[in-house]
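Please read the structure below before turning to the comments.
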Amino acid sequence: MIVLAILGGVIIVSLVFQTFAMWLSTRICRVPGVGISRAVIAVLLITAIGLGITVATWSLGANTLAMSIFTLALNIALQITLFRWLFRTGIGKATLVWLLMIGIGVSLALPGALILRAKVLESFIVSAGSMHPTIRGPHIQTTCPKCKFQFDAPLAVEWHDLRRAPVVCPQCHDLFDAKGRGASADRFMVYKLDKPKRWDIVAFRNPLNQRENYIKRLVGLPGETVEIANGEVVINGRPEPKPAGLDVKYLAASEIKSLPSSMRSLPARVTLGENEYYMLGDNTEASSDSRFWGTQGKARDGAIPGDLFIGVVRLTYWPPSRWRTF
Ligand SMILES: [Zn+2]
599 MIVLAILGGV IIVSLVFQTF AMWLSTRICR VPGVGISRAV IAVLLITAIG
649 LGITVATWSL GANTLAMSIF TLALNIALQI TLFRWLFRTG IGKATLVWLL
699 MIGIGVSLAL PGALILRAKV LESFIVSAGS MHPTIRGPHI QTTCPKCKFQ
749 FDAPLAVEWH DLRRAPVVCP QCHDLFDAKG RGASADRFMV YKLDKPKRWD
799 IVAFRNPLNQ RENYIKRLVG LPGETVEIAN GEVVINGRPE PKPAGLDVKY
849 LAASEIKSLP SSMRSLPARV TLGENEYYML GDNTEASSDS RFWGTQGKAR
899 DGAIPGDLFI GVVRLTYWPP SRWRTF
């Protein structure tokens, strides 16, 4: 898969850059006897230390700012200690080598990284739960007070006219205010060189606030007539089969119990124009998507113009337990 190949390439290239930066730094600081092989060992060891600390922090569930600062400091201290031992030098010179290595490494890698991020591959998180549970925003681990079902409930819900919406139990469909342990959002990679196809999860700019990014599933293509009936997306009068593994019973606006009754009369059927797309969230009970955008003036009948597309979601990678390709 292309995204994994690109990521693998990026890792190899950055290791090569870092090795070169390390070797050059020891030369500039006149540390004797450091050849390329010792530089390679040093880079592999500091990579292993960084990875170990990151995974340990994650598995302890410590994701506070204070913890991040502490682990960063620990990481730097361990790297400098490693340099002292590996290059048989004092703390002053080891620190100097470390600083130079970071400086040279960043100035070598930054231009390429910025171009890659702008044009090819970018990492995102979302602040809302409209694609929950496929891709989770901030959420809490909670228990339904009625049927005692335990599940991850999305925290922020992006109804455009409500500050918050109640959590809906996926088992008994009870509405309640969730309480429980907080957990952070999934991190995912968006690939920008693919043309999005139906059922792809697409990242795009919010038509009403272009500094805000959304992710939704692309269900309707230019020229098609789209409606939702009996849990299915109906394209040009025919139910469209969902891909394997997508287990969503889509709701039309009129079927959402937690929606104010004034909004349940939204148009049920939309015909898309040229370069217009219909987008739905997997969390169909609580997603602000094409079902509602028609009422907001600027977006016509729930359609998203293709020029707002950023790219296709191809990989969730963090936390490690959420690793998944699309
Ligand atoms: Zn329940």
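In this note's numbering, the protein residues as written are 599 to 924.
Even for Gly, the Cβ is constructed at its ideal location relative to N, Cα and C.
The nearest non-hydrogen atom of ligand 1 is 7 Å or more from the C-beta of Lys777. For the set Ile678, Val695, Phe907, Ser612, the Cα lying nearest the Cα of Arg809 is the one of Phe907. Note on Asp905: under 16 other CB atoms within 10 angstroms of its CB, so exposed under the neighbour-count rule.
Ligand 1 has a heavy atom closer than 7 Å to the beta-carbon of Gln769. DSSP, read as helix, strand or coil, puts Met599 in coil. Taking C-beta separations shorter than 6 Å and ignoring five residues to either side along the sequence, the partners of Glu830 in its chain run Pro837, following chain order. Relative to ligand 1, even the nearest heavy atom lies 7 Å or more away from the CB of Lys855. Distance between Gln769 and Lys744, taken at the CA atoms: about 10 Å. Within the same chain, Phe722, Val724, Ala801, Phe802, Arg803, Asn804, Ile908 come within 8 Å of Asn811 by CB-CB distance, once the 5 residues on both sides are set aside. About 6 Å separates the CB atoms of Trp696 and Gln677; that is less than 8 Å, so the two are in contact. At the C-beta level, Tyr876 and Gly818 come within 8 Å of one another.
In terms of Cβ geometry, Ile854 and Arg867 do not form a close pair [threshold 8 Å].
The bridge partners DSSP lists for Lys814 are Val800. Taking the Cα positions, Met665 is about 21 Å away from Thr679.
Beta-carbon to beta-carbon, Val601 and Leu913 are separated by about 5 Å, close enough to satisfy the 8 Å threshold.
Placement of the Cβ of Phe747 at a distance of less than 7 Å from at least one heavy atom of ligand 1 is found. Counting along the chain, Gly710 sits inside the alpha helix (DSSP H) bounded by residues 689–717. In the DSSP assignment, Phe722 is bridged to Phe786.
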